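Participant: Numbering (our numbering) for the sequence shown: -13 to 617. Cβ atoms here follow ideal geometry from the backbone N, Cα and C, with glycine treated the same way. The structure displayed is predicted, hence computed values, not measured ones.
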Amino acid sequence: MKSFADLGLSKGLVESVQLLGFESPTPIQEQAIPVLLTGNRDFVGLAQTGTGKTAAFGLPLLDLVDDKSNDTQALVLAPTRELGLQIANDLENFSEKIKRFNIVAVYGGASISEQIRKVKRGAQIIVATPGRLIDLIDRKAINLSSIKYVVLDEADEMLNMGFKDDLDKILSFTSKEKATWLFSATMPREVRSIMKNYMTDPFELQVGEQNTGNVNIEHAYVVIQDRDKYLALKRILDYTPDIFGLIFCRTRIDTQKVAEMLMKDGYNADSLHGDLTQQQRDRVMVRFRQRDLQILVATDVAARGIDVDDITHVIHLNIPDEMEFYTHRSGRTARAGKKGISIAMISKRELGKVKQIEKTLKSTFRRMMVPTGPEVCQKQLLSLMHKVHEVKVNESEIEAFLPQVYEALKGLTKEELIKRFASIEFNRFLDYYRNAPDLNTEGGKRMDGEGGDRYAAAGGTRFFINLGRMDGIEKAQMLELLDDFCGLEKKDIGKIDLKGAYSFFEVEKEKAEQVLKGFKGGVEYQGRQVRVEETSDSGGGGRRSRGGDRDDSSSPRRSDGPPRRERSGSGGGSYSDRRRSDKPSYGGSRSERGGSSSGRSYADKSSKPTSSSSAPYSEKKHDRTNKKWDF
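1) Nearest to Gly252 by CA position, among Lys477, Phe415, His375, is which residue?
2) Going by CA-CA distance only, name the one from Gly317, Lys324, Ile203 that's closest to Phe351.
3) Which residues in the same chain have their Cβ closer than 8 Å to the Cβ of Ala206, if we skip the five residues on either side of it in sequence?
4) Only counting runs of 4 or more residues, tell me where the alpha helix (DSSP H) segments fall wholly within the stretch 226 to 300, in order along the chain.
5) In three-state terms, what does DSSP make of Gly(-2)?
6) Which term fits Asp240, buried or exposed, when burial requires 16 or more other beta carbons within 10 angstroms of its beta carbon?
7) May I ask you to report which of helix, strand or coil DSSP gives Ser539?
8) Where does Leu63 fall in DSSP's three states?
9) Assuming Ile222 and Glu68 are in contact, meaning their beta carbons sit under 8 Å apart, how far apart are those beta carbons, in whole angstroms?
10) Can you give the Cα-Cα distance for Leu(-1) and Ser55, rounded to whole angstroms?
11) Work out the CA separation of Gln15 and Phe43 for me, nearest whole Å.
12) Less than 8 Å between the C-beta atoms of Gln72 and Tyr135, yes or no?
13) Quick check on DSSP: helix, strand or coil for Thr521?
14) Quick one: using the 10 Å Cβ neighbour count with 16 as the cut-off for buried, is Asn146 buried or exposed?
15) Buried or exposed for Asp469, going by 16 or more other Cβ atoms inside 10 Å?
16) Can you look up Asn88 in the DSSP assignment and give me helix, strand or coil?
17) Using 8 Å as the Cβ pair cut-off and three pairs as the minimum, do the stretch 171 to 183 and the stretch 329 to 346 touch?
18) For Val90 versus Ile123, is the C-beta spacing smaller than 8 Å?
19) Can you give the Cα-Cα distance for Lys485 and Val287, rounded to whole angstroms?
20) May I ask you to list the residues that DSSP assigns as paired with Asn426?
21) Anyone know if the C-beta pair for Pro11 and Lys(-12) falls short of 8 Å?
22) Quick one: is Pro93 buried, meaning 16 or more other Cβ sit within 10 Å of its Cβ, or exposed?
23) Look at the alpha carbon of Leu474 and the alpha carbon of Asn421, and state the distance between them as a whole number of angstroms.
24) Between Gln276 and Tyr511, what straight-line distance do the alpha-carbon atoms span, to the nearest angstrom?
25) Less than 7 Å separating the Cβ of Gln364 from some heavy atom of the ligand PLP?
26) For Lys495, does the three-state DSSP call read helix, strand or coil?
27) Among Pro116, Met249, Gly446, whose alpha-carbon lies nearest the alpha-carbon of Lys481?
28) Please state if the CB of Phe274 and the CB of Leu262 are separated by a distance shorter than 8 Å.
29) Identify which residue in Arg86, Ala64, Asp57, Asn75 has its Cα closest to the Cα of Ala109.
30) Is it true that the CB of Thr521 sits closer than 8 Å to the CB of Phe449?
31) For Leu32, list the residues DSSP reports as bridge partners.
32) Just curious, the alpha helix (DSSP H) that Lys106 is in, first and last residue?
33) Between the Cα of Phe230 and the Cα atoms of Arg107, Lys104, Val294, Glu401, which residue gives the shortest distance?
34) Report the CB separation of Gln515 from Gly508 in whole angstroms; it is logged as a contact under 8 Å.
35) Measuring only the C-alpha atoms, how far is Glu460 from Thr427?
36) Is it right to say Phe80 is buried, meaning 16 or more other beta carbons lie within 10 angstroms of its own, or is it exposed?
Structure, rendered in structure tokens:
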């Protein structure tokens, strides 16, 4: 195995790296650094997150930049301010013992005037997010003509976030003679386009197979009802007392809500999302890095660039639709050669997504069961005993108090003392999980809706709905729609007859009123008002249920729930606003933008419950009726 000294780095830089505790280069560092040190060739490095890409480009960059010149010689572009700050901090640490560089981080959410002052004082290396750099260019506050090296870090993420036009504009202000170094975890078509337009005969390096994940990450999933997500999350956290975890939600609102619920229930948690100021973000990240926080709840965008080596668990409250999102999420754990686990919380209808990710990653996902109440209690008790066994006793400090302790406890036998001691911490878990239900859902069965004519033949009820194959509706989507708004399970639904612009479905007779109530209140699908009518044949007729006739509070899915709190901002938007494909969406969108919509949207379900138990350790307080906890 090579050392950093074997890669051609200057002696001073090698010593600095060793002082930071780096003993040997990672594969991407070992293969990239010698090529980049030549300084005269474009470069493309493809490697997963957590493999040491920052040092792979940062170390040769520091050796190539002239610290005696105040000209801006290197530009590093990162998709998020968190990653930009992390890169700038790493570069400063690498160079602390050798050269005096002026490294300036330019990013949104902080004073632009202060950043302009720092740039004008002379910055040899600028680390920037595209949006803020465009602001400086438009203000003519920065000159990029002297740039010799441009680094595009996490290029796939920048393009995923819509920065292509910004990148085009930024690169147009740089010299054609520069060297461009591009690093990415994946290589989509858009990244290839950047290579074609802005790079000349680049040296391409791929470490590991493309689209394969970190082998140190164990991938797992649990199959649960959507309404049980928060309860299942708490079970997993309680079953893993020493967890140092990152929990992903789709939206800012859900991120804040989940974090608040966890804090309310006694967990050491906080949130990270785009609504936080830079000062708030910095404070949260300092606490997380120092492990003052045990759990961080984050959106995809806000979490990009988090570089914390010891994260043990990544939990996906929604499995993402895009493969790149799953890769970047799960890549937050198992960094620096350590092991970690990525857990996706899914419903039965999402098993197909897991299979797709397995195929792409060339990895097997383990079906994991949500721990039962007794299993959680046993794990907590063993954890408590382990802590007692491993605790360090300060003999000199405690000695003076022991006589009083002995006197107070002298009437207890050893067995009684152990029982009482364990019960102090353990009783709350016993109380909380007493009679706790099994949250696991049987997975793997097809949801094809082939119920035959059993309900129609037995006096069931037939319904017309103005959605069909032209709307992207198949039997699985129809089952999901009926589950989502009417609380119906597959066993409640009979034959589904799909047409072009409309469909028919059958349910048990006693479920008919539940269907009519479920579609009251203005349900939308792809911007269309959903209309459901009871009918005796495919020609129509019968009772009608038109959206908007009554307030949706009559729906059994939305009554008797936990208390709701007012949501700030807009949480609406219809299905077509939020998704790229014609697949139904649950729990909001990957987008963090809000939108407004009258009535309820299939994608948004704005009347879902939004609050948890007011009392810590009380699973009974959480309603497990037909309400969704869609995060």
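Facilitator: The short version:
1) Sequence index remark: in the sequence shown, residue 252 carries index 266 (1-based). Gly252 has its Cα closest to that of Phe415, out of Lys477, Phe415, His375.
2) Along the sequence shown, read from residue 1 onward, the residue named residue 351 stands at position 365. Of Gly317, Lys324, Ile203, the residue nearest in Cα terms is Ile203.
3) If you number the sequence shown from 1, residue 206 lands on position 220. So the list reads Ile327, Ser328, Ile329, Ala330, Phe351, Arg352, Arg353, Met354, once near-sequence residues are dropped.
4) 238 to 250, 264 to 275, 286 to 289
5) Within the sequence shown, numbered from 1, the residue matching residue -2 stands at position 12. Correct three-state label for Gly(-2): helix.
6) On the sequence shown, position 254 is the one that residue 240 refers to. Buried is the call here.
7) The count along the sequence shown starts at 1 and reaches residue 539 at position 553. Confidence at Ser539 is low in this model, with a pLDDT of 33, below 50, so its placement is unreliable and no value can be given for it.
8) For this step, residue 63 is matched to residue 77 along the sequence shown. Three-state DSSP puts Leu63 in a strand.
9) Your numbering for residue 222 matches position 236 in the sequence shown. Your numbering for residue 68 matches position 82 in the sequence shown. No, Ile222 and Glu68 are not in contact; Cβ-Cβ is about 25 Å, not under 8 Å.
10) Indexing the sequence shown from 1 puts residue -1 at position 13. Indexing the sequence shown from 1 puts residue 55 at position 69. For Leu(-1) and Ser55, the distance between alpha carbons rounds to 19 Å.
11) The residue you call residue 43 lines up with position 57 of the sequence shown. The residue you call residue 15 lines up with position 29 of the sequence shown. Looking at the two C-alpha atoms, the distance is approximately 8 Å.
12) Mapped onto the sequence shown, residue 72 falls at position 86. Mapped onto the sequence shown, residue 135 falls at position 149. No, the pair does not count as a contact, with Cβ atoms beyond the cut-off.
13) Sequence index remark: in the sequence shown, residue 521 carries index 535 (1-based). Looking at Thr521 - three-state DSSP - the assignment turns out to be strand.
14) In the sequence shown, counting from the first residue as 1, residue 146 sits at position 160. Answer is buried; the Cβ neighbour count reaches 16.
15) As a position in the sequence shown, residue 469 is number 483, starting the count at 1. Asp469 should be labelled buried.
16) Here residue 88 refers to the residue found at position 102 of the sequence shown. Three-state result, Asn88: coil.
17) no
18) Walking along the sequence shown from the start, residue 90 turns up at place 104. Walking along the sequence shown from the start, residue 123 turns up at place 137. The answer is no: Cβ separation not under 8 Å.
19) As a position in the sequence shown, residue 485 is number 499, starting the count at 1. As a position in the sequence shown, residue 287 is number 301, starting the count at 1. Their Cα atoms are separated by approximately 40 Å.
20) In the sequence shown, counting from the first residue as 1, residue 426 sits at position 440. Asn426 is bridged to Ile210.
21) Taking the sequence shown and counting its residues from 1, the one referred to as residue 11 is at position 25. Taking the sequence shown and counting its residues from 1, the one referred to as residue -12 is at position 2. Taking 8 Å as the Cβ cut-off, Pro11 and Lys(-12) qualify as a contacting pair.
22) Mapped onto the sequence shown, residue 93 falls at position 107. Reading off the sequence, residue 93 comes out as Tyr, not Pro. Tyr93 comes out buried.
23) What you label residue 474 is simply residue 488 of the sequence shown in a count that begins at 1. What you label residue 421 is simply residue 435 of the sequence shown in a count that begins at 1. Approximately 25 Å between the Cα atoms of the pair.
24) As a first step, residue 276 must be located in the sequence shown, where it is residue number 290. As a first step, residue 511 must be located in the sequence shown, where it is residue number 525. Looking at the two C-alpha atoms, the distance is approximately 46 Å.
25) Absent from the structure shown: the ligand PLP. Ligands present: none.
26) Within the sequence shown, numbered from 1, the residue matching residue 495 stands at position 509. Three-state DSSP puts Lys495 in a helix.
27) Along the sequence shown, read from residue 1 onward, the residue named residue 481 stands at position 495. For the residues Pro116, Met249, Gly446, the minimum Cα distance to Lys481 belongs to Gly446.
28) For the purposes of this step, residue 262 is identified with residue 276 of the sequence shown, where counting begins at 1. For the purposes of this step, residue 274 is identified with residue 288 of the sequence shown, where counting begins at 1. Cβ distance not < 8 Å, so Leu262 and Phe274 don't count as in contact.
29) Here residue 109 refers to the residue found at position 123 when the sequence shown is read from its first residue. It is Asp57 whose Cα lies nearest to the Cα of Ala109.
30) Taking the sequence shown and counting its residues from 1, one reaches residue 449 at position 463. Taking the sequence shown and counting its residues from 1, one reaches residue 521 at position 535. Yes, the Cβ-Cβ distance between Phe449 and Thr521 is below 8 Å.
31) Counting from one through the sequence shown, the residue named residue 32 turns up at place 46. Leu32 is bridged to Ser170, Gln192.
32) On the sequence shown, position 120 is the one that residue 106 refers to. Lys106 -> alpha helix (DSSP H) spans 98 to 106.
33) Here residue 230 refers to the residue found at position 244 of the sequence shown. Minimum Cα distance to Phe230 is reached at Val294.
34) Mapped onto the sequence shown, residue 515 falls at position 529. Mapped onto the sequence shown, residue 508 falls at position 522. So it is a contact: roughly 7 Å between Cβ atoms.
35) As a working mapping, residue 460 is identified with position 474 in the sequence shown. As a working mapping, residue 427 is identified with position 441 in the sequence shown. The alpha-carbon atoms of Glu460 and Thr427 are separated by roughly 23 Å.
36) Position 94 of the sequence shown holds residue 80. Burial call: buried.
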